[in-house]
Amino acid sequence: MKLGSLSHRKSGSLWAGVLTGTGIMAAVDEIIFHQLLSWHHFYDKSTLEIGLLSDGLLHSAELIAIVAGFFLIIDLNKNQALVKVRIWAGFFLGTGGFQLLDGTINHKVLRLHQIRYVDNILPYDIAWNATGIFLLIIGIVILIKAKKSGEIEIYKNKA
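Just so we're aligned, residue 459 is where the sequence shown starts under our numbering, counting upward by one.
Here it is in structure tokens:
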């Protein structure tokens with residue numbers, strides 16, 4: 459793929475959105491469910507100290523994803539190659555992808571933690587994973603509509 463080509467601008471914008479969305483959803487999860495509500499830590503199978511360490515590592519990864527995504531967006535904008543609709547599609551794909559991956563792989567397959575430690579976890583699992591699916595659907599719909607309408611909308615710097 460040639461740098462600066464339409465294909466490169468589209469995929470670059472999409473991946474910048476995915477990276478930013480993934481980081482932001484990880485931050486929302488970590489801040490709300492790990493810190494404010496104290497429902498769980500990223501890794502709950504050990505001591506509190508290990509749980510807090512795992513939260514710190516998750517926080518570091520989410521910050522790296524957010525900063526990297528923003529730098530990609532800034533670079534695309536600087537090179538007049540930002541495709542806004544692809545940024546938004548990627549953002550929702552990233553948020554939904556993180557949510558669904560966390561709810562299925564981390565919660566059920568690897569059993570790193572549960573959403574909340576209660577007798578009936580099913581309503582929490584359904585809400586968690588349904589939210590991820592809903593966000594993914596939004597991202598997919600944005601991509602499909604953009605493709606059908608031929609909408610590319612490359613941002614032009616007004617400097």
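For every residue, glycine included, the Cβ atom is placed at its ideal position computed from N, Cα and C.
Determine the DSSP secondary structure at Val576, reduced to helix, strand or coil.
-> To locate residue 576, count along the sequence shown from 1; it is residue 118. The answer is coil: DSSP assigns Val576 none of H, G, I, E or B.
Less than 8 Å between the CB atoms is what I'm expecting for Thr478 and Phe528, so what's the real figure, rounded?
-> Position 20 of the sequence shown, counting from 1, holds the residue named residue 478. Position 70 of the sequence shown, counting from 1, holds the residue named residue 528. Sure, about 6 Å apart at Cβ, within 8 Å.
Euclidean distance between Cα positions of Val567 and Tyr582 | By 1-based counting over the sequence shown, the position of residue 567 is 109. By 1-based counting over the sequence shown, the position of residue 582 is 124. Distance between the alpha carbons of Val567 and Tyr582 is about 16 Å.
By a C-beta neighbour count over all protein chains shown, 10 Å radius and 16 as the cutoff for buried, is Val476 buried or exposed?
-> As a working note, residue 476 is residue 18 in the sequence shown. Buried.
Exposure label - Ile600; buried when at least 16 CB within 10 Å = The residue labelled residue 600 in the question sits at position 142 within the sequence shown. When all chains shown are included, Ile600 counts as buried.
Hey, how far is the Cα of Gly597 from the Cα of Gly548?
-> In the sequence shown, counting from the first residue as 1, residue 597 sits at position 139. In the sequence shown, counting from the first residue as 1, residue 548 sits at position 90. Cα to Cα, the separation comes out at about 6 Å.
Spatial neighbours of Ala474 within its chain, please: CB distance less than 7 Å, with the 5 preceding and 5 following residues excluded, ordered by chain position.
-> Reading the sequence shown from its first residue, position 16 is the one you call residue 474. Taking C-beta separations shorter than 7 Å and ignoring five residues to either side along the sequence, the partners of Ala474 in its chain run Gly527, Leu530, Ile531, Leu534, Ile545 and Gly548, following chain order.
DSSP on Thr478, reduced to helix/strand/coil?
-> Residue 478 sits at position 20 when you count from the first residue of the sequence shown. Helix.
Between which two residues does the alpha helix (DSSP H) carrying Asn535 extend?
-> Position 77 of the sequence shown, counted from the first residue, corresponds to residue 535. Asn535 -> alpha helix (DSSP H) spans Leu506 to Lys536.
Just the C-alpha distance for Thr562 and Val541, rounded to the nearest angstrom, thanks.
-> Within the sequence shown, residue 562 is the residue found at index 104, counting from 1. Within the sequence shown, residue 541 is the residue found at index 83, counting from 1. Taking the straight line joining both Cα atoms gives about 31 Å.
Straight-line Cα distance separating Glu520 from Ala484 | Within the sequence shown, residue 484 is the residue found at index 26, counting from 1. Within the sequence shown, residue 520 is the residue found at index 62, counting from 1. Ala484 and Glu520: Cα-Cα distance of roughly 6 Å.
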